[in-house]
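**Student:**
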Amino acid sequence: MTKASILLAIFSIISHLCIAQMNPQYESYVTWAAYPGENKIYQTVIVDGTTTGGCTFTYVCGPNNQQCTGTYPWCSTARHYARITNVVNGVGGTSTGPQISPFQYMSYQTTTVATVEQGEEVPSSWEGAAICTVIGGDVQRGRRTFPQSRRYNCRNSSRCGCRCLHIESGLHRRRHAAL
Amino acid sequence: MRALLLALALCSFVSSFSEAQLVAPDKLEFTDHNHKVEPASIIDGSKTPDLIPDVTAYRLYFLAVAQRADATADQQKLQRLHIQRLDITESETQTLRSVLEEFRVQYEYWLEWYNTEAAEALTRGEAPNFLVLVSERDRIVQSTRDKLKQLLSPEAIGKLDSLIKREKANMKAAPRPNGQGGEPQ
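Residue numbers (this note's numbering), protein chains in the order written: chain W, 1 to 179; chain U, 1001 to 1185.
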């Protein structure tokens, strides 16, 4: 019973903290560019946004419905940062932006350049995420991952709805029509 | 000890519910911070591109294409590749580059201003005024669009608009607290 009570208390407190007045307001975007003459593809991923809300909350603290203001104790140490995974044909990787207060605004982007032969299909994956951390550790519940991460086999692209990147000889716009 | 823990758990539960009832409806969206409701809370442009507001789509596109005045040769080349997709004249390409360079400068000033305002608000124990700060961001995007409409041909503007609307398929956005983010513009 004691263990259950402890777990219940911990769960309740954690859930209380995690549903604080924080509303993620992030956007992500992935885009491509190519220059067939050089057999190169550029993949750019952007994460841009912030979290709305605040570190304080009000609660009833007296017999006559008096309102008091409290402060979430973890709030002052909370930080968020952008994490971008940007890989084309095995080139690129994951990088992170600076850690700042969740209520400050982040705008972070990376570009990966990969060499691709004419007509060759290569896999690409990308992910833009805003990660919330408290006192040094990532809080998975606070992690917002934009479901743009796509690791796939090109042959299955139609099934999984993902795309393969390739440069076709000829006009640049033909390649984009293929994207 | 056991009674104390039970009381603590109950108190915490009750206070959670009490707080939920006190906050404004838009604040209740904070639950989308958790993974369990995330898919429904994010606008996926590949599924519902019309729900990505134009001002958001233009901002993300501008951020991808705009370069600073001191851009490296590689950055300038990447910008040119992006602009080539529009199939506009060289003169219009130069105009677009110039206007986007100005956008980049304004956006970076705005970003610095936002973070300064947010830091000062937090120091006072207040929440940053998100709607005011973000409306200024959107004003920068809109003024950039207005400037492009003045300087580029209607045909070039049409191509830019069509491209950005297609690019919404590669964007994801969170609905805004006041609900305006979920409506097409």
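Note that CB positions come from ideal geometry on N, CA and C, so glycine has one too.
1. In chain U, which residues lie with their C-beta within 7 Å of the C-beta of P63(W)?
2. Which one or two residues does DSSP pair with R79(W) in a beta bridge?
3. Give the DSSP-derived three-state secondary structure of E117(W) in the structure shown.
4. Just to make sure I have the definition right: I need the residues of chain U whose C-beta is within less than 9 Å of the C-beta of S101(W). Which are they?
5. Contact criterion: CB-CB distance below 8 Å. Does S124(W) meet it with respect to chain U?
6. Reducing DSSP to helix, strand and coil, say where N39(W) ends up.
7. For I131(W) and P1175(U), I'd like the C-alpha separation in whole angstroms.
8. Spatial neighbours of L1111(U) within its chain, please: CB distance less than 6 Å, with the 5 preceding and 5 following residues excluded, ordered by chain position.
9. Would you tell me roughly how many angstroms separate the C-alpha atoms of I46(W) and P102(W), rounded to the nearest one?
10. For S95(W), tell me which candidate among R83(W), V88(W), E121(W) has the shortest Cα-Cα distance.
11. Using the three-state DSSP reduction, which class does P1175(U) fall into: helix, strand or coil?
12. Any idea which residues DSSP pairs A33(W) with across the strands?
13. Span of the alpha helix (DSSP H) holding T1093(U)?
14. What does R1176(U) reach in chain W if we use C-beta pairs closer than 7 Å?
15. Applying a beta-carbon distance threshold of less than 8 Å, which residues of chain U neighbour C55(W)?
16. Would you verify that the beta carbon of L1096(U) is, or is not, closer than 8 Å to some beta carbon of chain W?
17. Tell me which residues share the same chain as T51(W) and place their Cβ nearer than 7 Å to its Cβ, disregarding the 5 neighbours each side in the sequence.
18. Beta-carbon within less than 8 Å of N39(W)'s beta-carbon, same chain only, minus the 5 sequence neighbours each way: which residues are those?
19. Can you pull the chain W residues whose beta carbon is under 7 Å from the beta carbon of A1069(U), in chain order?
20. Just the C-alpha distance for Y42(W) and L1131(U), rounded to the nearest angstrom, thanks.
21. According to DSSP, is F57(W) part of a helix, a strand, or is it coil?
22. Assess, as a yes-or-no matter, whether the region 1162–1175 of chain U is touched by the region 1051–1064 of chain U under the definition of 3 or more beta carbon pairs within less than 8 Å.
23. Cβ of I205(W) less than 8 Å from any chain U Cβ?
24. If we count the other Cβ atoms within 10 Å of its Cβ and call it buried at 16 or more, is K1172(U) buried or exposed?
25. Going by DSSP in three states, Y26(W) sits in which element: helix, strand or coil?
26. Quick one: what does DSSP say I84(W) is sitting in, helix, strand or coil?
27. Please state whether DSSP places S101(W) in a helix, a strand or coil.
28. How long is the line joining the alpha carbons of A34(W) and L1160(U), rounded to whole angstroms?
29. Measure how close the beta-carbons of T69(W) and T56(W) come, nearest whole angstrom, since I'm counting them as under 8 Å.
**Tutor:** Let me spell this out:
1. Translated into positions along the first sequence, residue 63(W) becomes position 63. Result: empty, since nearest Cβ-Cβ is about 15 Å, beyond 7 Å.
2. By one-based count along the first sequence, residue 79(W) stands at place 79. In the DSSP output, where bridge partners are listed per residue, R79(W) has T133(W).
3. As a first step, residue 117(W) must be located in the first sequence, where it is residue number 117. In this structure, E117(W) counts as coil in the three-state DSSP scheme.
4. For the purposes of this step, residue 101(W) is identified with residue 101 of the first sequence, where counting begins at 1. In chain order: N1115, A1118, A1119, L1122.
5. Here residue 124(W) is taken as the residue at index 124 of the first sequence, counted from 1. With 8 Å as the cut-off, S124(W) does not count as an interface residue toward chain U.
6. Residue mapping note: residue 39(W) aligns to position 39 of the first sequence, counting from 1. In this structure, N39(W) counts as coil in the three-state DSSP scheme.
7. Indexing the first sequence from 1 puts residue 131(W) at position 131. Indexing the second sequence from 1 puts residue 1175(U) at position 175. Those two C-alpha atoms are separated by around 18 Å.
8. To locate residue 1111(U), count along the second sequence from 1; it is residue 111. Same-chain partners within the cutoff: there are none.
9. Taking the first sequence and counting its residues from 1, the one referred to as residue 46(W) is at position 46. Taking the first sequence and counting its residues from 1, the one referred to as residue 102(W) is at position 102. So the alpha carbons of these two residues sit roughly 18 Å apart.
10. Position 95 of the first sequence holds residue 95(W). Of the listed residues, the one whose Cα sits closest to S95(W) is R83(W).
11. Taking the first residue of the second sequence as 1, we reach residue 1175(U) at position 175. Here P1175(U) sits in coil by DSSP.
12. Position 33 of the first sequence holds residue 33(W). Note: A33(W) sits in a beta bridge opposite Y42(W).
13. Your numbering for residue 1093(U) matches position 93 in the second sequence. For T1093(U), the enclosing alpha helix (DSSP H) has its first and last residue at 1090–1123.
14. Within the second sequence, residue 1176(U) is the residue found at index 176, counting from 1. Near R1176(U) (Cβ distances below 7 Å), the residues of chain W are Q25.
15. Translated into positions along the first sequence, residue 55(W) becomes position 55. Simply L1122, G1125, A1127.
16. The count along the second sequence starts at 1 and reaches residue 1096(U) at position 96. Taking Cβ atoms only, chain W never reaches closer than 8 Å to L1096(U), which makes this a no.
17. Translated into the one-based positions of the first sequence, residue 51(W) becomes position 51. Same-chain partners within the cutoff: M22, N23, P24, Q25, H80, P102, F103.
18. Position 39 of the first sequence, counting from 1, holds the residue named residue 39(W). Around N39(W): T115, V116, E117, Q118, I167.
19. Residue numbering aside, residue 1069(U) sits at position 69 when the second sequence is read from its first letter. Within chain W, no residue comes near A1069(U); the closest Cβ sits about 18 Å away, beyond 7 Å.
20. In the first sequence, the residue the question calls residue 42(W) occupies position 42. In the second sequence, the residue the question calls residue 1131(U) occupies position 131. Going by the C-alpha atoms only, they are around 34 Å apart.
21. For the purposes of this step, residue 57(W) is identified with residue 57 of the first sequence, where counting begins at 1. The three-state reading of DSSP puts F57(W) in strand, counting E and B together.
22. yes
23. Absent from the structure is residue 205(W), since the part of chain W shown begins at 1 and ends at 179.
24. Taking the first residue of the second sequence as 1, we reach residue 1172(U) at position 172. Buried, because 16 or more other Cβ atoms sit within 10 Å of the Cβ of K1172(U).
25. As a first step, residue 26(W) is located in the first sequence; it is residue number 26 there, counting from the start. Strand at Y26(W).
26. Taking the first residue of the first sequence as 1, we reach residue 84(W) at position 84. Of the three classes helix, strand and coil, the one that applies to I84(W) here is strand, per DSSP.
27. On the first sequence, position 101 is the one that residue 101(W) refers to. Looking at S101(W) - three-state DSSP - the assignment turns out to be coil, as it is neither helix nor strand.
28. By one-based count along the first sequence, residue 34(W) stands at place 34. By one-based count along the second sequence, residue 1160(U) stands at place 160. So the alpha carbons of these two residues sit roughly 18 Å apart.
29. The residue labelled residue 69(W) in the question sits at position 69 within the first sequence. The residue labelled residue 56(W) in the question sits at position 56 within the first sequence. About 5 Å separates the two Cβ atoms, so the contact holds.
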